[in-house]
Amino acid sequence: MDDEKVEETFRAYEKAQKEVGLEAHTMYAMMAKVFANVAKCVVDKFGEAGQESMMNGVGTFGEERGRDIARRAAAVGKPNTMDNYLSNYDMGRSELFEYETLFHPTEIEQSFTKCAFAEQWKQDGMEDYGILYCHMIDPSIAKGYNPNFEVVHDQYVLKEGTCHFRFQMKEEV
Numbered sequence: 033m034d035d036e037k038v039e040e041t042f043r044a045y046e047k048a049q050k051e052v053g054l055e056a057h058t059m060y061a062m063m064a065k066v067f068a069n070v071a072k073c074v075v076d077k078f079g080e081a082g083q084e085s086m087m088n089g090v091g092t093f094g095e096e097r098g099r100d101i102a103r104r105a106a107a108v109g110k111p112n113t114m115d116n117y118l119s120n121y122d123m124g125r126s127e128l129f130e131y132e133t134l135f136h137p138t139e140i141e142q143s144f145t146k147c148a149f150a151e152q153w154k155q156d157g158m159e160d161y162g163i164l165y166c167h168m169i170d171p172s173i174a175k176g177y178n179p180n181f182e183v184v185h186d187q188y189v190l191k192e193g194t195c196h197f198r199f200q201m202k203e204e205v
């Protein structure tokens, strides 16, 4: 089968899915589904210890992402400061996310009203598992980026309908 035939088959599949009311899954949706289903199995089997394990795993993943973002900044000659965080972030934004970013002298404030991950978890009834990811990911990414970079995440799309973040660089002691 050549590349053209594969592409034609894929387009026919997408068309058939739309005709029966199914949307093609984005990579964000697929990753949300993977996380929620793994989390559900772990939490169902191990209870609170399973929740902790999932959150610890997300924390480890987030810190690694943060270190990668710091390496991206360093690769273009930039230090891992607050000012260089978003411009070197590792995940592009698409129309699947709606947000506002405000830059203040001592913090970056972001509010998301639409999140592809949260939408998938809501659609699948997996909010209790998705929130485990939400609680850990951004603070962990920030910590990996710079140990003095902290995130106050005080609202969640899955709970309040909006995610609200305040990214702040703490003074070195």
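Quick note on the numbering used here: the sequence shown kicks off at 33 and runs consecutively. Heads up, the beta-carbon is just placed ideally off N, CA and C, and yes, glycines get one too.
Endpoints, alpha helix (DSSP H) assigned at residue i
{"i": "residue 191", "result": "189 to 192"}
{"i": "residue 166", "result": "159 to 177"}
{"i": "residue 92", "result": "59 to 107"}
Where the beta strand (DSSP E) containing residue i begins and where it ends
{"i": "residue 146", "result": "139 to 146"}
{"i": "residue 132", "result": "130 to 135"}
Integer-rounded CB distance, given that residue j should sit under 8 Å from residue i
{"i": "residue 168", "j": "residue 98", "result": "Contact flag wrong, Cβ pair sits at about 12 Å."}
{"i": "residue 161", "j": "residue 143", "result": "Rounded, the Cβ-Cβ distance is 24 Å, inconsistent with contact."}
{"i": "residue 148", "j": "residue 61", "result": "6 Å"}
Where residue i sits in the DSSP three-state scheme
{"i": "residue 199", "result": "strand"}
{"i": "residue 127", "result": "coil"}
{"i": "residue 186", "result": "strand"}
Under 8 Å, with one C-beta from each stretch per pair, do the stretch 53 to 72 and the stretch 143 to 159 reach the 3-pair mark?
Result yes; three or more Cβ-Cβ pairs closer than 8 Å.
The stretch 34 to 41 / the stretch 110 to 123 touching (three or more Cβ pairs under 8 Å):
Between the stretch 34 to 41 and the stretch 110 to 123, the count of Cβ pairs shorter than 8 Å is below three; the stretches do not touch.
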